[in-house]
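Working notes, beginning with the structure itself.
There are 2 protein chains.
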Amino acid sequence: MKEIAMANKPSIVKGTRDFSPAEMSKRNYIFNTIKEVYALYGYQQIETPSLETLQTLMGKYGEEGDKLLFKVLNSGDFLNKVSDEELQERNVLKLASKICEKGLRYDLTVPFARYVVMHHDEIQFPFKRYQIQPVWRADRPQKGRYREFYQCDADVVGSDSLLNEVELMQIVDEVFTRFGVRVLLKINNRKILTGIAEVIGAADKIVDITVAIDKLDKIGLEGVNQELANAGIDADAIEKLQPIISLQGTNEEKLKTIGEVLKDSEIGLKGVEEVSYILKVLKSVGLHHEIELDLTLARGLNYYTGAIFEVKALDVEIGSITGGGRYDNLTGIFGKPGLSGVGISFGADRIYDVLHALNLYPKETIGGTQLLFINFGDQETAYCLPLVNEARRQGVCTELFPDAVKMKKQMSYANAHEIPYVALAGENEMKENKITLKDMRSGEQKLLSKDDLIPFLLAQQ
Amino acid sequence: MKEIAMANKPSIVKGTRDFSPAEMSKRNYIFNTIKEVYALYGYQQIETPSLETLQTLMGKYGEEGDKLLFKVLNSGDFLNKVSDEELQERNVLKLASKICEKGLRYDLTVPFARYVVMHHDEIQFPFKRYQIQPVWRADRPQKGRYREFYQCDADVVGSDSLLNEVELMQIVDEVFTRFGVRVLLKINNRKILTGIAEVIGAADKIVDITVAIDKLDKIGLEGVNQELANAGIDADAIEKLQPIISLQGTNEEKLKTIGEVLKDSEIGLKGVEEVSYILKVLKSVGLHHEIELDLTLARGLNYYTGAIFEVKALDVEIGSITGGGRYDNLTGIFGKPGLSGVGISFGADRIYDVLHALNLYPKETIGGTQLLFINFGDQETAYCLPLVNEARRQGVCTELFPDAVKMKKQMSYANAHEIPYVALAGENEMKENKITLKDMRSGEQKLLSKDDLIPFLLAQQ
Chain A
328 MKEIAMANKP SIVKGTRDFS PAEMSKRNYI FNTIKEVYAL YGYQQIETPS LETLQTLMGK
388 YGEEGDKLLF KVLNSGDFLN KVSDEELQER NVLKLASKIC EKGLRYDLTV PFARYVVMHH
448 DEIQFPFKRY QIQPVWRADR PQKGRYREFY QCDADVVGSD SLLNEVELMQ IVDEVFTRFG
508 VRVLLKINNR KILTGIAEVI GAADKIVDIT VAIDKLDKIG LEGVNQELAN AGIDADAIEK
568 LQPIISLQGT NEEKLKTIGE VLKDSEIGLK GVEEVSYILK VLKSVGLHHE IELDLTLARG
628 LNYYTGAIFE VKALDVEIGS ITGGGRYDNL TGIFGKPGLS GVGISFGADR IYDVLHALNL
688 YPKETIGGTQ LLFINFGDQE TAYCLPLVNE ARRQGVCTEL FPDAVKMKKQ MSYANAHEIP
748 YVALAGENEM KENKITLKDM RSGEQKLLSK DDLIPFLLAQ Q
Chain B
328 MKEIAMANKP SIVKGTRDFS PAEMSKRNYI FNTIKEVYAL YGYQQIETPS LETLQTLMGK
388 YGEEGDKLLF KVLNSGDFLN KVSDEELQER NVLKLASKIC EKGLRYDLTV PFARYVVMHH
448 DEIQFPFKRY QIQPVWRADR PQKGRYREFY QCDADVVGSD SLLNEVELMQ IVDEVFTRFG
508 VRVLLKINNR KILTGIAEVI GAADKIVDIT VAIDKLDKIG LEGVNQELAN AGIDADAIEK
568 LQPIISLQGT NEEKLKTIGE VLKDSEIGLK GVEEVSYILK VLKSVGLHHE IELDLTLARG
628 LNYYTGAIFE VKALDVEIGS ITGGGRYDNL TGIFGKPGLS GVGISFGADR IYDVLHALNL
688 YPKETIGGTQ LLFINFGDQE TAYCLPLVNE ARRQGVCTEL FPDAVKMKKQ MSYANAHEIP
748 YVALAGENEM KENKITLKDM RSGEQKLLSK DDLIPFLLAQ Q
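For the protein sequence lines, the chains are A and B, in the order given.
Here the working numbering = 1-based position in the first sequence + 327.
Here the working numbering = 1-based position in the second sequence + 327.
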């Protein structure tokens, strides 16, 4: 009784979203475009379950990541393995590991690594897979950050060839060309960063160095040097870093400068060579967008071992909208070492916002129904039904309004759904074996014979 | 240290599945076919979050359903609202409600009801929506029963018209026609069942009655009558039920018989009238499959109030592969009464099994890449790259093998991926500005000029 008395006004989980038909058609446009390009390059789709064992998930995303995992309570008597003492202890981390053994997918990379290990014998390498699925993070929700959101990943595992890096950049270039979004592709290489740290004798300071260099525009050379000193890098090393901090010019010029700084670092020179090769091949195939070597790119530094990618939209203020890189030992965590991989991930939610801000959605993505038959009652419906069915048979998305309500209501349904054509058949039309077709955009009406209706519509498409 | 010592051999959550590229292409074939037909009939797609508040989910699926909900542990200190006494009590149901406030979607209907209530003001009714998303149930996993599986629902809310029932049956008919699966559509009406119970004065015995009648083939008339008596139905009522139990003939004949039995039940006659109307209109539009009135159809009896649908595959032994019906007060549970709805749900996993058993997947759903360029090294790659790109520009799904490994390995990649054409360019081809194209199905090889390669391939499609 008490239950019923409570107003059961529904709410949605914070940080999650409903998607309306209009939003879905835009989202599908984004996903379908990415899928088409992935397929064009020979990537194949897989899907993995939303639920993974916590053993698979824990310890893969750092301490912070572990905290952001959504854990699923065991079914039934979830306390049966917990002693009274453990309960009283109230150690929530320990307790969680006893009462939960499953969690929600946090990204697509770890499940992919698990997939590759578990299905190793069925896979013909190199394995070019794409995967577009939601992931969940128990983050504090805020503008543009959701607890459930989609990732759109493509990875190749089992090939060291830099042609994979080339192809992934071509894919990025092609996707944003299809979207009509002007972007800047950025590339870096973990080996160059390692080389820099090696040369200046401060291997543990890579992050500090890239963060400081990144501020050059804001705080000037003086400021950057001060920040490096504050980070505990000695004067001699800062001196050596000067050509890197003031790095300017074309990619070729930058690579030359870096090559000189790194002349004594084997790994550093390897990085320079890799970037040079990738840029050279990309030049030969031709990109629609500019690609720039950016040493401050340091994303995923804890797992990327070679190329690092990032994409910035040029006409909208927003963070990176695509990123990726090469990792040398993806599946090692699951006991299968030696498989190198490289991948990219499109940020569907940010791309959604970018296309919205730039008004770049194609008109046709909205709505679907092309023809609505007005319902004037049983007799008129019987007259229209064969036409309704014939229209569908010919591939025209068609509706018959189900209720014989006021015409105005039916017309406003057509308007709300942006249905371009409305068909009407009343007493007069029925007598003459005709149908009135109204173009909802122009307001124009035509009296057509029944046989002419569908050919006329098909001719308009 | 101990962690590392443990063999971290990965496993998958029981009752969940990975989908390989070959499986994905078959699943996509199923989903895309259903989507296309839904769109053809003017249904629009929505999506709702995987996570719903437990307040939204609990109490909607019966006591058993509540137990099968996957509950998500609150983040952070999930014990902070639990007293020591409550902990010691070990009442898991009560405790779960204190440490979890979210759960995974159990079906698509309750989230849809929540959606309609929360977005009521933006929706132009009747609202014809479809939704294809996974749902989760903490069921004991067994053959053909999964803990994560997809539902493919279409519903209309805000219209009482029986034309909706007609359309949904047409959709079912069309989908299975496209799949090439022979099916029997079954229809019943809750009002007829209510009428029967009313006439024999045993309103609470509907389920017992339908279960007993359903056994006619197995246990004979005698057996059914015995079972009805065992269920506490008196001899007089069983007598009245005889024409219903032995119901035979065409739908029209059945409806006539039922009409006579139910002549004193207003609601029963309403049910007869509804079924008659739906069957009459369906006859006029023409279905590819047979539709049969089946009084033993009693699915969803606790919420369906009018039509009840079910679809049986004729050539495979498997349970119902599609079902649905009309419910009069979907959104009442969320404080918005008076919205009637009717819907269907395709069982994608069972349909997958049916298409597999009958070998009905179209050949083209498998694989994607049409052309593979063999990698003989840097020079040959440079020679091929413009062709690779041109092929993609023309819409041909194309790969260049990333590594210059042994030809045999590259060829076996092409075979494993069922790639129909392989392009080779070695020294000779390069000298003559040509390319060798091998048809992998026939084994035939052709030497083509570079310019002829893509036109040749496009002509093969």
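The beta-carbon is built from N, C-alpha and C at its ideal position, and this holds for glycine as well.
Return yes when the Cβ of residue j is within less than 8 Å of the Cβ of residue i, no when it is not.
{"i": "B/T725", "j": "B/A718", "result": "yes"}
{"i": "B/K532", "j": "B/I560", "result": "yes"}
{"i": "B/D345", "j": "A/Y442", "result": "yes"}
{"i": "A/V526", "j": "A/S592", "result": "yes"}
{"i": "A/Y365", "j": "A/I450", "result": "no"}
{"i": "A/A634", "j": "A/I514", "result": "yes"}
{"i": "B/G598", "j": "B/K518", "result": "yes"}
{"i": "A/V749", "j": "A/A741", "result": "yes"}
{"i": "A/V409", "j": "A/K425", "result": "yes"}
{"i": "A/L555", "j": "A/T537", "result": "no"}
{"i": "A/G651", "j": "A/L495", "result": "yes"}
{"i": "A/S269", "j": "B/D411", "result": "Residue 269 of chain A lies beyond the stretch modelled for chain A, which goes from 328 to 788, so this question has no answer here."}
{"i": "B/T375", "j": "B/Y473", "result": "no"}
{"i": "B/A440", "j": "B/L657", "result": "yes"}
{"i": "A/F703", "j": "A/G753", "result": "yes"}
{"i": "A/L780", "j": "A/L714", "result": "yes"}
{"i": "A/L666", "j": "A/V484", "result": "yes"}
{"i": "B/E428", "j": "B/N401", "result": "yes"}
{"i": "B/N686", "j": "B/E619", "result": "no"}
{"i": "A/V723", "j": "A/L698", "result": "yes"}
{"i": "B/E601", "j": "B/L490", "result": "no"}
{"i": "B/F503", "j": "B/L682", "result": "no"}
Where does residue i sit, in a helix, a strand or coil, going by DSSP?
{"i": "A/L620", "result": "strand"}
{"i": "B/N686", "result": "coil"}
{"i": "B/K398", "result": "strand"}
{"i": "A/R354", "result": "helix"}
{"i": "A/L420", "result": "helix"}
{"i": "A/K341", "result": "coil"}
{"i": "B/R626", "result": "coil"}
{"i": "B/K429", "result": "strand"}
{"i": "B/T649", "result": "strand"}
{"i": "A/A334", "result": "In this prediction, A/A334 has a pLDDT of 47, which is less than 50 and means its spatial position is unreliable; what the coordinates show is noted afterwards. DSSP places A/A334 in coil when its eight states are reduced to three."}
{"i": "B/Y740", "result": "helix"}
{"i": "A/R366", "result": "A quick correction: the sequence has Ala, not Arg, at residue 366 of chain A. Three-state DSSP puts A/A366 in a helix."}
{"i": "B/T360", "result": "helix"}
{"i": "A/V681", "result": "helix"}
{"i": "B/Y748", "result": "strand"}
{"i": "B/Q371", "result": "strand"}
{"i": "B/T584", "result": "helix"}
By Cβ distance, which residues of its chain are closer than 7 Å to residue i, with the 5 residues on each side in sequence left out?
{"i": "A/R768", "result": "P747"}
{"i": "B/S377", "result": "L431 and R432"}
{"i": "B/L384", "result": "L396, G430, Y433 and V437"}
{"i": "B/T632", "result": "R517, R653, Y654 and D655"}
Might you give, ordered along the chain, the residues of its own chain that have their beta carbon closer than 6 Å to the beta carbon of residue i, omitting 5 neighbours on each side?
{"i": "A/F673", "result": "I361, C479 and T649"}
{"i": "B/P461", "result": "E475 and Y477"}
{"i": "B/Q372", "result": "Y457"}
{"i": "B/G662", "result": "none"}
{"i": "A/D500", "result": "L614, H615 and H616"}
{"i": "B/L624", "result": "K513, N515, I635 and E637"}
{"i": "A/I678", "result": "I357 and I648"}
Ignore the nearest five residues each way along the sequence and tell me which others in residue i's own chain have a CB closer than 8 Å to its CB.
{"i": "A/A332", "result": "Residue placement at A/A332 is flagged as unreliable, the pLDDT there being 36, under the threshold of 50; a coordinate-derived value is accordingly withheld."}
For chain C, check one thing: does any of its Cβ atoms lie closer than 8 Å to the Cβ of residue i?
{"i": "A/L614", "result": "The chain inventory of the structure shown lacks chain C, comprising the protein chains A and B."}
- Task: Mind listing, in chain order, the continuous alpha helix (DSSP H) runs of no fewer than 4 residues lying wholly within the stretch 436-504 of chain B?
- Result: 436-445
- At least 3 beta-carbon pairs within less than 8 Å: the stretch 539-548 of chain A vs the stretch 599-619 of chain A: no
- Which whole runs of the alpha helix (DSSP H) in the stretch 753-786 of chain B are 4 residues long or more, in chain order? 754-759
- Length-filtered (4 minimum) alpha helix (DSSP H) runs lying within the stretch 505-564 of chain A: 517-526, 533-540 and 543-557
- Task: For the stretch 633-678 of chain B, list the beta strand (DSSP E) runs that are entirely contained and at least 3 residues long, ordered along the chain.
- Result: 634-640, 649-654 and 668-673
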